[in-house]
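Scroll down for the structure; my scribbles are underneath it.
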Amino acid sequence: MKVLVPVKRVIDYNVKVRVKADGSGVDLANVKMSMNPFDEIAVEEAIRLKEKGAAEEIVAVSIGVKQAQETLRTALAMGADRAILVVATDDVHQDIEPLAVAKILKGVIDEEQPGLVLAGKQAIDNDMNATGQMLSALLGWSQATFASEVNVEGDHAVVTREVDGGLQTIKVKMPTIVTVDLRLNEPRYASLPNIMKAKKKPLDEKTPADYGVDVAPRLEIVKTSEPEARKAGEMVPDVDTLVAKLKEVGAV
Amino acid sequence: MAVLLIGEVTNGELNVDATSKALTAATQLGEVTLLCAGASAAAAGETAATLAGVAKVLVAEDPSLGHRLAEPTAALVVGLAGDYKHILAPSTTDAKNVMPRIAALLDVMILSDVTAVVDADTFERPIYAGNAIQTVKSSDATKVMTIRTSTFDAAGDGNSAPIETIAAAENPGLSEWVEDKVAESDRPELTSAGVVVSGGRGVGSEEDFKIIEGLADKLGAAVGASRAAVDSGYAPNDWQVGQTGKVVAPDLYIAVGISGAIQHLAGMKDSKVIVAINKDEEAPIFQVADYGLVGDLFTVVPELTEKLG
Ligand SMILES: Cc1cc2nc3c(=O)[nH]c(=O)nc-3n(C[C@H](O)[C@H](O)[C@H](O)COP(=O)(O)OP(=O)(O)OC[C@H]3O[C@@H](n4cnc5c(N)ncnc54)[C@H](O)[C@@H]3O)c2cc1C
Ligand SMILES: Nc1ncnc2c1ncn2[C@@H]1O[C@H](COP(=O)(O)O)[C@@H](O)[C@H]1O
Chain A
20 MKVLVPVKRV
30 IDYNVKVRVK
40 ADGSGVDLAN
50 VKMSMNPFDE
60 IAVEEAIRLK
70 EKGAAEEIVA
80 VSIGVKQAQE
90 TLRTALAMGA
100 DRAILVVATD
110 DVHQDIEPLA
120 VAKILKGVID
130 EEQPGLVLAG
140 KQAIDNDMNA
150 TGQMLSALLG
160 WSQATFASEV
170 NVEGDHAVVT
180 REVDGGLQTI
190 KVKMPTIVTV
200 DLRLNEPRYA
210 SLPNIMKAKK
220 KPLDEKTPAD
230 YGVDVAPRLE
240 IVKTSEPEAR
250 KAGEMVPDVD
260 TLVAKLKEVG
270 AV
Chain B
-9 MAVLLIGEVT
1 NGELNVDATS
11 KALTAATQLG
21 EVTLLCAGAS
31 AAAAGETAAT
41 LAGVAKVLVA
51 EDPSLGHRLA
61 EPTAALVVGL
71 AGDYKHILAP
81 STTDAKNVMP
91 RIAALLDVMI
101 LSDVTAVVDA
111 DTFERPIYAG
121 NAIQTVKSSD
131 ATKVMTIRTS
141 TFDAAGDGNS
151 APIETIAAAE
161 NPGLSEWVED
171 KVAESDRPEL
181 TSAGVVVSGG
191 RGVGSEEDFK
201 IIEGLADKLG
211 AAVGASRAAV
221 DSGYAPNDWQ
231 VGQTGKVVAP
241 DLYIAVGISG
251 AIQHLAGMKD
261 SKVIVAINKD
271 EEAPIFQVAD
281 YGLVGDLFTV
291 VPELTEKLG
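So, in structure tokens, the structure goes:
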């Protein structure tokens, strides 16, 4: 079985986001970028499936700016076998919408014919939580989102999902799209020798036109603003003062 | 303009809190039809008919719609979509699972976690864990969106809207439900509770989480947790508050042994009053707290529990 893992280049999760003063967006020039944390978990899961003998090949795919090849090299250094970069824009501030990403991924999948797609549940920049579900719709495949456990068993997979009420287990037909949640695994770090080896692994470059996809956004960004800041509170010296204050404002 | 709101139906019951908050957003857009779908949904439909502002209720009952599996639920909604300009649901995990699928089948973008309706085409939504708010204008023929319930007030009741029964779509048969593991609890539900007490890594163990639960029970509160507490096995996953957990906005949020990472703040910074208890006076949680208390939670929380009430 071939496993396809879409990986997104996003602002590093430790970076404090700065909204540009003119309301045109978030400042992404010269900030640290990394692989979306959920996608690291997806890559890790694919590698584990390969180590167990349940997968033969892992293909990582990224859509965005040319610099996303760094993200793909990280995936290759972790253990992916090959990578496909779809250069869809040369502007680091242009986010390609999940619908367009899903259409491009469908094009890749039509060519690659994987048995399983492992994506992240959510990109931590746009917080959409949509691409896996959209891709599954376009392909007419089953979907299993927010996975905390994945077991591939022949022509189906049994997936445990993190849902509002707790956990739900479902059985889905293969091929399938799984989106991964935080507790599925702990991703490994790439070792130095593997980082060196990754430089020689194949990385193909494509464009949206190769798949006949128009990436023009459906959502026009009118403006981007800072959330309302909370006003500074106060420190209280002890429990008695805290209780008195809470009573005073009617919070208890 | 006609709006279709997908009610949150779990095991045949309507989640009134989540549904009625999304209803408030829906009524800003037009005349609302509320769909209740499930293996059993008639009772949910009757509850839905009482919600103020609902013009009509649709009830679809079919075994394939039990457990809200994405594929049959999306097939049902796509079959109805032609009549509506807007299709909404509260931002629950069920809706996040199914709504993007519906959007893609209609060849439109999804608007996730909408926090404000500006006009029929323009909406606000948080990005970057709530560190920025984006105003977006959709050019799609149908707007498919999930509504962040913590920012809308619940619609009232007292209505008696007409109820119509409709058939399910053909089940694509791609997935099957196996089991749910749901913790039973007498505490209020996290996303609708008036008071939430959350514990973090500082609590140190599952055993010591009882201290947090004790304070919560004294206040009639729900219990929350940071991701670190969940990952360490101190608390179950459905207690996680944050960017990738639940978003809450209670009247009172008490954060205990939580440092205040942006991913955690994303889930609670709209709470009315925030209290932070942490032994590290530099902890970033104090920057968003209305009342901060520097101290060891193992002495402060029992004392607070005792002195409240
Ligand atoms: C993609 C992604 C998504 C994430 N999503 C979420 C999310 O949804 N929700 C979330 O919470 N996190 C999330 N995180 C994790 C987040 O970045 C932090 O790691 C996490 O919130 C830290 O949890 P914590 O505050 O409990 O632990 P820590 O940061 O370790 O803080 C523990 C605190 O306890 C205090 N403490 C220790 N002992 C005591 C004591 N005896 N008395 C009083 N105080 C004490 C310490 O001073 C410290 O401030 C996410 C991370 C990533 C990468
Ligand atoms: N531009 C992209 N390139 C590669 N993968 C992506 C891209 N955008 C989204 N994805 C995948 O889809 C998941 C969910 O993203 P989103 O729907 O944007 O929240 C991510 O975790 C990735 O696995």
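Protein sequence lines, in the order shown, are assigned to chains A and B. Every letter in the first sequence is one number past the one before it in the working numbering, and letter 191, counting from 1, is 210. Every letter in the second sequence is one number past the one before it in the working numbering, and letter 191, counting from 1, is 181. Glycine included, each C-beta is placed from N, C-alpha and C at the ideal position. Just so it is clear, the structure is predicted and the values come from calculations on it, not from any experiment.
Notebook entry, point to check: Between Val186 (chain B) and Ala225 (chain B), which are expected to be in contact by the criterion C-beta below 8 Å, what is the C-beta distance as a whole number of angstroms?
Noted result: In fact, because the Cβ distance is near 13 Å, the residues do not count as touching under 8 Å.
Note to self: If I measure Cβ to Cβ from Gly204 (chain B) and keep anything under 7 Å in the same chain, skipping five residues before and after, which residues do I get?
What the structure shows: Thr295
Note to self: For Ala256 (chain B), which residues in the same chain have their Cβ closer than 6 Å to its Cβ, ignoring the five residues on either side in sequence?
What the structure shows: Ala119, Gly120, Gly232 and Gln233
Notebook entry, point to check: Using the C-alpha atoms, what's the distance from Val234 (chain A) back to Leu119 (chain A)?
Noted result: It should be noted that the sequence gives Ala, not Leu, for residue 119 (chain A). Roughly 5 Å separates the two Cα atoms.
Notebook entry, point to check: Out of curiosity, what's the CA-to-CA distance linking Val136 (chain A) and Val88 (chain B)?
Noted result: 18 Å
Margin query: Quick check: is any heavy atom of ligand 2 less than 8 Å from the C-beta of Asp58 (chain A)?
Written below: yes
Item checked: Expected contact under 8 Å - CB spacing of Gly42 (chain A) and Lys242 (chain A) to nearest Å -> 4 Å
Note to self: Val199 (chain A) and Ala138 (chain A) - do their beta-carbons sit closer together than 9 Å?
What the structure shows: yes
Next item on the list: Return yes when the C-beta of Ala235 (chain A) is under 8 Å from any heavy atom of ligand 2, and no when it is not.
Entry: no
Check: Going along chain B in order, which residues have a C-beta closer than 8 Å to the C-beta of Val51 (chain A)?
Finding: For the sequence presented, residue 51 (chain A) should be read as Lys rather than Val. Result: empty, since nearest Cβ-Cβ is about 14 Å, beyond 8 Å.
Notebook entry, point to check: Mind pulling the beta strand (DSSP E) runs of 3 or more residues that sit fully within the stretch 86 to 144 of chain A?
Noted result: 101 to 106 and 135 to 139
Check: Are the stretch 56 to 74 of chain B and the stretch 91 to 102 of chain B touching, with three or more C-beta to C-beta distances below 8 Å?
Finding: A contact is defined here as three or more CB-CB pairs under 8 Å, and the stretch 56 to 74 of chain B meets this definition with respect to the stretch 91 to 102 of chain B.
Margin query: I'd like to know if Pro25 (chain A) contacts chain B, where contact means its C-beta is closer than 9 Å to some C-beta of that chain.
Written below: Residue-level contact check: Pro25 (chain A) does not touch chain B, since none of the beta carbons of chain B fall below 9 Å from its beta carbon.
Notebook entry, point to check: Is the stretch 182 to 191 of chain A close to the stretch 221 to 232 of chain A, with three or more CB pairs under 8 Å?
Noted result: no
Check: Okay, do the stretch 185 to 196 of chain A and the stretch 194 to 201 of chain B touch, 3+ Cβ pairs below 8 Å being the bar?
Finding: no
Notebook entry, point to check: If you run the structure through DSSP and keep just helix, strand and coil, what is Glu179 (chain B)?
Noted result: In the structure shown, Glu179 (chain B) sits in coil (DSSP, three-state: anything other than H, G, I, E or B).
Item checked: Within-9 Å CB hit, Glu203 (chain B) to chain A -> no
Next item on the list: Return the residues of the stretch 136 to 164 of chain A that lie within a Cβ-Cβ distance of less than 9 Å from chain D, sorted by chain order.
Entry: The structure shown contains no chain D; the protein chains it does contain are A and B.
Next item on the list: Please report how far the alpha carbon of Lys218 (chain A) lies from the alpha carbon of Ile248 (chain B), in whole angstroms.
Entry: 40 Å
Note to self: If we require 3 or more residues per run, which beta strand (DSSP E) segments fall completely within the stretch 34 to 81 of chain A?
What the structure shows: 52 to 54
Notebook entry, point to check: Based on the DSSP output, what are the partners of Val231 (chain B) in its beta bridges?
Noted result: B:Lys236
Notebook entry, point to check: Name the DSSP bridge partner or partners of Phe113 (chain B)?
Noted result: B:Val107 and B:Val126
Margin query: Measuring alpha carbon to alpha carbon, tell me which residue in B:Lys200, B:Ser261, B:Glu36 and B:Gly72 is nearest Phe288 (chain B).
Written below: B:Lys200
Margin query: Quick check: what's the CA-CA separation for Ala29 (chain B) versus Asn1 (chain B)?
Written below: 8 Å
Note to self: With a threshold of 9 Å between beta-carbons, can Ser102 (chain B) be considered close to chain A, or not?
What the structure shows: yes
Note to self: Any beta carbon of chain B sitting closer than 9 Å to that of Pro212 (chain A)?
What the structure shows: no
Checklist line | For Leu283 (chain B), the three-state DSSP class (helix, strand or coil) | finding: strand
Notebook entry, point to check: Using a Cβ-Cβ distance under 9 Å, would Leu261 (chain A) count as near chain B?
Noted result: yes
Check: Between B:Tyr243, B:Thr132 and B:Ala16, which lies nearest to Gly189 (chain B) when the distance is taken from Cα to Cα?
Finding: B:Tyr243
Checklist line | Residue from B:Gly43, B:Pro152 and B:Ser102 with nearest C-alpha to Ala145 (chain B) | finding: B:Gly43
Item checked: Inter-residue spacing [alpha-carbon to alpha-carbon] between Asn149 (chain B) and Glu3 (chain B) -> Approximately 18 Å between the Cα atoms of the pair.
Notebook entry, point to check: Mind checking whether the beta-carbon of Met135 (chain B) lies closer than 8 Å to any heavy atom of ligand 2?
Noted result: Result no, Cβ not under 8 Å from ligand 2.
Next item on the list: Decide if Tyr208 (chain A) is buried, meaning its Cβ has at least 16 other Cβ atoms within 10 Å, or exposed.
Entry: exposed
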